[in-house]
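Asks: Here it is, the structure in full.
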Amino acid sequence: MEAFAPDEPPTFEQLMLPHLDAAYNLASWLLREPHDAEDAVQDAFLRAHGAFARFRGVDGRAWLLTIVRNVCYSRMRQNRRGPDEVVFQDEVHGSTHDPADANAVAWHEVKSELLRKGLERLQPEYREVIVLHEIEGLAYREIANVSGIPIGTVMSRLARARAKLQTEVLALAGGGATHEL
Amino acid sequence: MNCNDIRPLLEARSDGELDLVRQLELEAHLRACPDCALRAQGIDARRNALRDSLPRIAAPPQFREKIRALLRAEESPSSPRATRRPPVQRALWNLGGIAASIALALLIGYNLGNARAHANSLLDEAISEHVRSLQASHLMDVASTDQHTVKPWFAGKLDFSPPVADLADTGYPLAGGRLEHIDGRPAAALIFHRRLHAINLFIWPATNGPVQEYRRGKDGYNAEGWSQGGLNFLAVSEIPAAELGQFAEAYRGRVK
Numbered sequence: 002m003e004a005f006a007p008d009e010p011p012t013f014e015q016l017m018l019p020h021l022d023a024a025y026n027l028a029s030w031l032l033r034e035p036h037d038a039e040d041a042v043q044d045a046f047l048r049a050h051g052a053f054a055r056f057r058g059v060d061g062r063a064w065l066l067t068i069v070r071n072v073c074y075s076r077m078r079q080n081r082r083g084p085d086e087v088v089f090q091d092e093v094h095g096s097t098h099d100p101a102d103a104n105a106v107a108w109h110e111v112k113s114e115l116l117r118k119g120l121e122r123l124q125p126e127y128r129e130v131i132v133l134h135e136i137e138g139l140a141y142r143e144i145a146n147v148s149g150i151p152i153g154t155v156m157s158r159l160a161r162a163r164a165k166l167q168t169e170v171l172a173l174a175g176g177g178a179t180h181e182l
Numbered sequence: 006m007n008c009n010d011i012r013p014l015l016e017a018r019s020d021g022e023l024d025l026v027r028q029l030e031l032e033a034h035l036r037a038c039p040d041c042a043l044r045a046q047g048i049d050a051r052r053n054a055l056r057d058s059l060p061r062i063a064a065p066p067q068f069r070e071k072i073r074a075l076l077r078a079e080e081s082p083s084s085p086r087a088t089r090r091p092p093v094q095r096a097l098w099n100l101g102g103i104a105a106s107i108a109l110a111l112l113i114g115y116n117l118g119n120a121r122a123h124a125n126s127l128l129d130e131a132i133s134e135h136v137r138s139l140q141a142s143h144l145m146d147v148a149s150t151d152q153h154t155v156k157p158w159f160a161g162k163l164d165f166s167p168p169v170a171d172l173a174d175t176g177y178p179l180a181g182g183r184l185e186h187i188d189g190r191p192a193a194a195l196i197f198h199r200r201l202h203a204i205n206l207f208i209w210p211a212t213n214g215p216v217q218e219y220r221r222g223k224d225g226y227n228a229e230g231w232s233q234g235g236l237n238f239l240a241v242s243e244i245p246a247a248e249l250g251q252f253a254e255a256y257r258g259r260v261k
């Protein structure tokens, strides 16, 4: 029975608190209000804590991000006043299947601030894949787990998200918003 | 591959999501096709800009403290909401992974049942990877029929060297390979064709114990597992069990 005695198992805090920044980053980008993001992350940590006994996986970050994502989307649904909710469909919301030539933008000259503004203008589903892939560095397969979509959809959604971000960056840089930059 | 095949893959290439063989095909095309090469350049530049310049919003320090305090309150025994792991689970945590389930199984005398459960979960895992690989074959497959291309591709990606053999002469041509994750560790998956069907052969070191020798079917798929030279092999396909058995036998013979 000796084997049962030794070190304590890792606590929830030890396993999950290191991913607080990742959780906060995703929630901030999805909800866009620091206060909402804090509420959502706190809610997600409490839910994750309650469900920790069922956590079997090895990837604590993906597990936590899945919960954060779900909390954020239910908050967005609650806040939406409209009578009927529009379900996101990649084919409908992403009309441009043949993305514009990425060379249309001199990317090395684009300021971080401009990218941030462009990203804020995208729909949450597009912001989500860009945040998970470009900022958090998740692979397609990890995003598929977190976002609950097939890996092929991750690839096409990410392509559309980048194309749309490019369109926004061009509009911001060339349109009336230029003086703000 | 022509330009129409290449272009949808340029972003996956830039994201490092292509297998090496597909990547090499793409690079060969890009060297010969200035149009596609220019597009690829733009996509790379965009990818770099997004990766380098999009800000990560870090949690404020006082919020971190708040969460920490909240979690400690939840953990304290006086908290009615405290969710403690039940004793058996704590014991499992202490031992960790497979060692735990084996020790526990010995303790309660469920050795056989437990090994069977492990084999079952392996099989479920392998079947689901097999199905997924068929759905995402455009993305994941290493398209190469050449064992001398497939084998080196695994070098540096795995901590072991999977034996790669082409069984074209026995009617099971090698179609490619890819990286997989099975039994809690990285594994090689080799893909073979049988008429219009695919066979996935998963190979991984038997560090968690050798896979039981078995042949069985589940959900319309057949599987055949064996251990050889310190490696586990698990073949999964929708082809008839007898054919899969033939394949497994041919492979075992080739690896020796």
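Residue numbers (our numbering), protein chains in the order written: chain W, 2 to 182; chain Z, 6 to 261. Think of the CB as a built atom: it goes at the ideal place given N, C-alpha and C, for glycine as much as any other residue.
1. Using a beta-carbon distance cut-off of less than 9 angstroms, what residues from the segment 64–79 of chain Z approach chain W?
2. Which class does W/ILE150 belong to by DSSP, given the choice of helix, strand or coil?
3. Assess, as a yes-or-no matter, whether the segment 47–61 of chain Z is touched by the segment 128–141 of chain W under the definition of 3 or more beta carbon pairs within less than 8 angstroms.
4. Apply the 10 Å Cβ neighbour rule to W/GLN167 and answer buried if 16 or more other Cβ atoms are within range, or exposed otherwise.
5. Below 8 angstroms on the Cβ atoms is my guess for W/LEU32 versus W/ALA41; work out the distance and round it to an integer in Å.
6. One question on the structure: do W/ALA63 and W/GLU143 come within less than 8 angstroms of each other, judged by their Cβ atoms?
7. Write down every uninterrupted run of the alpha helix (DSSP H) in the segment 17–44 of chain Z whose length is 4 residues or greater and which is fully enclosed by it, in chain order.
8. Going by DSSP, what residue range makes up the alpha helix (DSSP H) through Z/HIS153?
9. Taking Z/GLU130 as the query, report the chain W residues whose CB atoms sit under 9 angstroms from its CB, ordered along the chain.
10. Per the DSSP calculation, Z/GLN233 is bridged to which residue(s)?
11. Chain W partners of Z/PRO60, CB-CB under 7 angstroms?
12. Along the chain, where does the beta strand (DSSP E) that runs through Z/LEU206 open and close?
13. For W/THR67, collect the residues of the same chain with a Cβ closer than 6 angstroms to its Cβ; drop the 5 residues on either side in sequence, then sort them by chain order.
14. From the DSSP secondary-structure annotation, give me the bridge partner or partners of Z/SER242.
15. Using a Cβ cut-off of 8 angstroms, pull out every chain W residue sitting near Z/ARG44, in sequence order please.
16. Compute the distance between the beta-carbons of Z/GLY182 and Z/PHE159, then report whether it is under 8 angstroms.
17. Hey, is W/TYR1's beta-carbon within less than 8 angstroms of any beta-carbon in chain Z?
18. Among Z/PHE165, Z/GLY189, Z/LYS162, whose alpha-carbon lies nearest the alpha-carbon of Z/ALA131?
19. According to DSSP, Z/GLU185 sits in a beta bridge with which residue or residues?
20. With three or more beta-carbon pairs closer than 8 angstroms as the criterion, would you say the segment 34–46 of chain Z touches the segment 18–36 of chain W?
21. Might you give, ordered along the chain, the residues of its own chain that have their beta carbon closer than 8 angstroms to the beta carbon of Z/ASN227, omitting 5 neighbours on each side?
22. Which residues, taken in chain order from the segment 188–216 of chain Z, show a beta carbon closer than 8 angstroms to some beta carbon of chain W?
23. For Z/ILE187 versus Z/GLU134, is the C-beta distance shorter than 8 angstroms?
24. Give me the DSSP bridge partner(s) of Z/LEU172.
25. I'd like to know if the segment 60–73 of chain Z and the segment 12–32 of chain Z are in contact, where contact means that at least 3 CB-CB pairs between them fall below 8 angstroms.
26. Below 6 angstroms CB to CB, which residues in the same chain sit around W/LEU139 once its five sequence neighbours on both sides are set aside?
27. Comparing C-alpha positions only, which one of W/LEU16, W/ARG78, W/ARG76, W/TYR74 sits nearest to W/ALA54?
28. In this structure, how does DSSP classify Z/GLY258 when only helix, strand and coil are distinguished?
29. Under 9 angstroms between beta-carbons, which chain Z residues line up against W/ALA140? List them in chain order, please.
30. Within the continuous alpha helix (DSSP H) that includes W/PRO125, where are the two ends?
31. Assign Z/ASP24 to one of two classes, buried (16 or more other C-beta atoms within 10 Å of its C-beta) or exposed (fewer than that).
32. Closer than 9 angstroms between beta carbons: that is the criterion. Which residues of the segment 37–63 of chain W meet it against chain Z?
33. What's the call for W/ALA160, buried or exposed, on a 16-neighbour Cβ count within 10 Å?
34. Please compile the residues from chain Z whose C-beta is within a distance smaller than 8 angstroms of the C-beta of W/TYR25.
35. Output yes if chain W places a C-beta closer than 8 angstroms to the C-beta of Z/ASN9; else output no.
36. Consider the C-beta atom of Z/ALA50 and the heavy atoms of the ligand GDP; say whether any pair is separated by less than 7 angstroms.
Replies: In brief:
1. ALA64, PRO65, PHE68, ARG69, LYS71, ILE72, ARG73, LEU75, LEU76, ARG77, GLU79
2. Here residue 150 of chain W corresponds to residue number 149 of the first sequence, with the count starting at 1. In this structure, W/ILE150 counts as coil in the three-state DSSP scheme.
3. yes
4. Stepping through the first sequence from its first residue, residue 167 of chain W is reached at position 166. W/GLN167 should be labelled buried.
5. Residue 32 of chain W sits at position 31 when you count from the first residue of the first sequence. Residue 41 of chain W sits at position 40 when you count from the first residue of the first sequence. The pair is a contact, with the Cβ atoms about 6 angstroms apart (cut-off 8 angstroms).
6. For this step, residue 63 of chain W is matched to residue 62 along the first sequence. For this step, residue 143 of chain W is matched to residue 142 along the first sequence. Contact: yes.
7. 25–37
8. Along the second sequence, one-based indexing puts residue 153 of chain Z at 148. Z/HIS153 -> alpha helix (DSSP H) spans 152–159.
9. The sequence position of residue 130 of chain Z within the second sequence is 125, counting from 1. Under the 9 angstroms cutoff, chain W gives no residues; its nearest Cβ is about 13 angstroms from Z/GLU130.
10. One-based indexing of the second sequence puts residue 233 of chain Z at position 228. Beta-bridge pairing links Z/GLN233 to Z/LEU236.
11. For the purposes of this step, residue 60 of chain Z is taken as residue 55 along the second sequence, with counting starting at 1. Per Cβ cutoff of 7 angstroms: SER113, ARG117.
12. In the second sequence, counting from the first residue as 1, residue 206 of chain Z sits at position 201. Looking at the DSSP string, the run of the beta strand (DSSP E) that includes Z/LEU206 is 202–210.
13. Residue mapping note: residue 67 of chain W aligns to position 66 of the first sequence, counting from 1. Counting only Cβ-Cβ distances below 6 angstroms, and skipping sequence neighbours, we find VAL147.
14. By 1-based counting over the second sequence, the position of residue 242 of chain Z is 237. Answer is Z/ILE204, Z/ASN227, bridged to Z/SER242.
15. The count along the second sequence starts at 1 and reaches residue 44 of chain Z at position 39. Neighbours of Z/ARG44 on chain W, chain order: ASP102, ALA103, ASN104.
16. On the second sequence, position 177 is the one that residue 182 of chain Z refers to. On the second sequence, position 154 is the one that residue 159 of chain Z refers to. Yes, Cβ-Cβ distance for Z/GLY182 and Z/PHE159 is below 8 angstroms.
17. Residue coverage of chain W in this structure runs from 2 to 182, which leaves residue 1 of chain W outside it and unanswerable.
18. The residue given as residue 131 of chain Z occupies position 126 in the second sequence. Z/ALA131 has its Cα closest to that of Z/GLY189, out of Z/PHE165, Z/GLY189, Z/LYS162.
19. Residue mapping note: residue 185 of chain Z aligns to position 180 of the second sequence, counting from 1. In DSSP, Z/GLU185 forms a bridge with Z/ALA192.
20. no
21. Within the second sequence, residue 227 of chain Z is the residue found at index 222, counting from 1. ARG220, ARG221, VAL241, SER242, GLU243, ILE244, PRO245, ALA246, LEU249.
22. GLY189
23. For the purposes of this step, residue 187 of chain Z is taken as the residue at position 182 of the second sequence. For the purposes of this step, residue 134 of chain Z is taken as the residue at position 129 of the second sequence. In contact: Z/ILE187 and Z/GLU134 (Cβ atoms closer than 8 angstroms).
24. Reading the second sequence from its first residue, position 167 is the one you call residue 172 of chain Z. Note: Z/LEU172 sits in a beta bridge opposite Z/TYR177.
25. no
26. Taking the first sequence and counting its residues from 1, one reaches residue 139 of chain W at position 138. LEU133.
27. Here residue 54 of chain W corresponds to residue number 53 of the first sequence, with the count starting at 1. If we check each option's Cα against that of W/ALA54, W/LEU16 comes out closest.
28. Translated into the one-based positions of the second sequence, residue 258 of chain Z becomes position 253. Looking at Z/GLY258 - three-state DSSP - the assignment turns out to be helix.
29. One-based indexing of the first sequence puts residue 140 of chain W at position 139. Under the 9 angstroms cutoff, chain Z gives ASP20, GLY21, GLU22.
30. On the first sequence, residue 125 of chain W is found 124 positions in, with the first residue counted as 1. Where W/PRO125 is concerned, the enclosing alpha helix (DSSP H) stretches over 125–131.
31. Along the second sequence, read from residue 1 onward, the residue named residue 24 of chain Z stands at position 19. Counting Cβ neighbours within 10 Å, Z/ASP24 comes out buried, since at least 16 surround it.
32. ALA38, GLU39, VAL42, GLN43, PHE46, LEU47, HIS50, GLY51, ALA52, PHE53, ALA54, VAL59
33. Walking along the first sequence from the start, residue 160 of chain W turns up at place 159. It is buried - the Cβ of W/ALA160 has at least 16 other Cβ atoms within 10 Å.
34. Taking the first sequence and counting its residues from 1, the one referred to as residue 25 of chain W is at position 24. Here the neighbours are ILE62, ALA63, ALA64, PHE68.
35. Residue numbering aside, residue 9 of chain Z sits at position 4 when the second sequence is read from its first letter. Chain W contact via Cβ: absent.
36. Because no ligand of any kind appears in the structure shown, any question about the ligand GDP cannot be addressed here.
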